[in-house]
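Numbering (the working numbering), first residue to last: 623 to 929. For every residue, glycine included, the Cβ atom is placed at its ideal position computed from N, Cα and C. It should be emphasised that the depicted structure is a prediction, and the values quoted were computed from it without experimental measurement.
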Amino acid sequence: MSSEIQTWSSNGKLLITGEYLVMEGALSLAIPLNVGQSLTIIPNSDKVVHWQANKPDGHWFFVELDLFNFNVTKTDNYELAQRLSEILSATRILSKDFLTSGIGYNVVTDLEFDPDFGFGTSSTLIANIASWANVDAYKLLDLTFGGSGYDIACASSKNPIVFQRIGDSINVSDVSFDPVFKKNLYFVYLGKKQNSTNSISHFKKHSNFTSVDVDAISAITKELLITSELAEFEALLAEHESIMESILNIPTAKSLYFKDYPGIIKSLGAWGGDFVMLTNHYTEKEFRNLLQEGGFDTVFSYDSLVM
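Here you go:
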């Protein structure tokens, strides 16, 4: 039995433009983060998979799975353990030899951000397992969580990307997105974790959009990449929010949480509770005090989070 220890790492992500419509072919801007998740494997002689998942404050969950069909034999979180079992089973569909040699593994995953943040807990795991099994991460995503795959693209990127998926055709390009006004950009956690799979399902059932909307979001993405003026940047984000509000029939984050705020609030990813991007015209101290008064304590500056 080989004693080789192997580790894979993937980046977290934020979707700046194209939420929801990225699944319908909209050109979307996404940024990899300087936090992510690693996966380390160590062969063992137990002929089982011992899986220890950690998050920033320590232990997250433990699961033991058999090698035959990845049944959960021990765990302290059955829901997460069962989801992991399903992912490993899907991996074997893509690679019939995955974990069939009889060699067991001790597996440790280390998540560098709070799993409630929506930074890509699932996508970084999928990307790492795909690397371990040498399978296509996009196909593994399709078999498990679903979605466009922009988060998979961010997992291995060192630069901002524009992403477009039309059917099974995926196009990813590195772009130069380093706004001169980035000191005015902040990411704020609304404190209400959204389930991406449920959000996608709701969108597919209840949304009302046309190709005109998809083209409009694509055009906004292109304009954001070339603007050097904060006011124009804000106008583009406001237009984006207006389009998506009409499609989703959900109030904007600004109308719900920041009604009198003078800057722009842009929802990132699933609407309703994960992160938003704010433009700031106050001093740093004034800005953070204002947010704290509103009950928003988790705040990242652009440079502190973006790779």
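Beta strand (DSSP E) containing V834: first to last residue? If you look at V834, you'll find it isn't in any beta strand (DSSP E); it sits in the alpha helix (DSSP H) that goes S833 to I848.
Which same chain residues end up closer than 6 Å to M645 when comparing Cβ atoms and leaving out the 5 residues on each side of it in sequence? The residues are S770.
DSSP three-state assignment for M899, whether helix, strand or coil: Three-state DSSP puts M899 in a strand.
Can you give me the Cβ contacts of F803 inside the same chain, cut-off strictly under 6 Å, excluding the 5 residues immediately before and after it? Hits under 6 Å: L852.
Determine the contact status of K881 and L900, defining contact as a CB-CB distance below 9 Å. Pairing K881 with L900 gives a Cβ-Cβ distance that is not under 9 Å.
Rounded straight-line distance, which links the Cα of S868 to that of T639: If you draw a straight line from the Cα of T639 to the Cα of S868, it is about 16 Å long.
Look at S745 and K635 and say whether their C-beta atoms are less than 9 Å apart. Against a cut-off of 9 Å, the Cβ pair of K635 and S745 comes out as a contact.
If we ignore side chains and look at the alpha-carbon of each, how far apart do A875 and I865 end up? About 14 Å.
Which residue comes first and which comes last in the beta strand (DSSP E) that contains N633? For N633, the enclosing beta strand (DSSP E) covers residues Q628 to L637.
DSSP on F739, reduced to helix/strand/coil? DSSP places F739 in helix when its eight states are reduced to three.
To the nearest angstrom, how far is the alpha carbon of V757 from that of L637? Straight-line Cα distance between these residues: approximately 25 Å.
Distance between beta carbons of F785 and L643, contact taken as under 8 Å: Not a contact, Cβ separation roughly 12 Å.
Whether F720 touches L702 by CB criterion (9 Å): Taking 9 Å as the Cβ cut-off, F720 and L702 do not qualify as a contacting pair.
Contact defined as beta carbons within less than 8 Å: I believe P665 pairs with I748. What is the distance between those atoms, to the nearest angstrom? Not really, about 22 Å apart at Cβ, beyond 8 Å.
Supposed close pair L661, W754 - CB separation, criterion 8 Å: Going by Cβ atoms, the distance from L661 to W754 rounds to 7 Å, so yes, they are a contact pair.
Is E686 near the ligand ADP, judged by its Cβ being under 8 Å from some heavy atom? In the structure shown, the ligand ADP is absent, as is every other ligand, since no ligand is present at all.
According to DSSP, simplified to helix, strand and coil, what is F683? In the structure shown, F683 sits in a strand (DSSP, three-state: E or B).
Quick check: the Cα distance between S779 and N750, rounded to an integer number of angstroms? Their Cα atoms are separated by approximately 13 Å.
Environment of P873 [buried if 16+ CB atoms lie within 10 Å]: Burial call: exposed.
Any contact of the segment 675-690 with the segment 725-737, i.e. 3+ C-beta pairs under 8 Å? The segment 675-690 is in contact with the segment 725-737.
Using the beta-carbon count (16 or more within 10 Å), is T695 buried or exposed? With fewer than 16 Cβ atoms within 10 Å of its Cβ, T695 is classed as exposed.
In chain order, which continuous runs of the alpha helix (DSSP H) of length 4 or greater are located wholly inside the segment 759-794? Within the segment 759-794, the complete alpha helix (DSSP H) runs of at least 4 residues are 759-765 and 772-777.
T731 versus Q659 - alpha carbon distance: Between the C-alpha atoms of T731 and Q659 there is a straight-line separation of about 7 Å.
So L655 and L927 are in contact, right, with Cβ under 8 Å, and what is the actual spacing, rounded? Yes, L655 and L927 are in contact; Cβ-Cβ is about 6 Å, under 8 Å.
Taking only the alpha-carbon atoms, compute the straight-line gap between N781 and H828 and give it to the nearest angstrom. A direct Cα-Cα distance of roughly 34 Å separates N781 from H828.
If you measure between the beta carbons of C776 and I653, is that distance less than 9 Å? Yes, Cβ-Cβ distance for C776 and I653 is below 9 Å.
Spatial distance of N806 from N911 (CA atoms): For N806 and N911, the distance between alpha carbons rounds to 16 Å.
How would you label T905, buried or exposed, when you count the other beta carbons within 10 angstroms and need 16 or more for buried? Classification of T905: exposed, given that the 10 Å Cβ count is below 16.
Leaving out five residues before and five after L765 in sequence, what residues of the same chain have Cβ atoms less than 8 Å from its Cβ? So the list reads A712, I715 and L716, once near-sequence residues are dropped.
Using C-beta distances below 8 Å, list every residue in its chain close to G916, excluding the 5 sequence neighbours before and after it, in chain order. Shown here for G916: same chain residues with a beta carbon closer than 8 Å to its own, the five before and five after excluded, namely Y879 and F880 in chain order.
Please name the residue in I709, G742 and V898 whose C-alpha comes closest to that of E863. Of the listed residues, the one whose Cα sits closest to E863 is V898.
L689, DSSP secondary structure in three states: In the structure shown, L689 sits in coil (DSSP, three-state: anything other than H, G, I, E or B).
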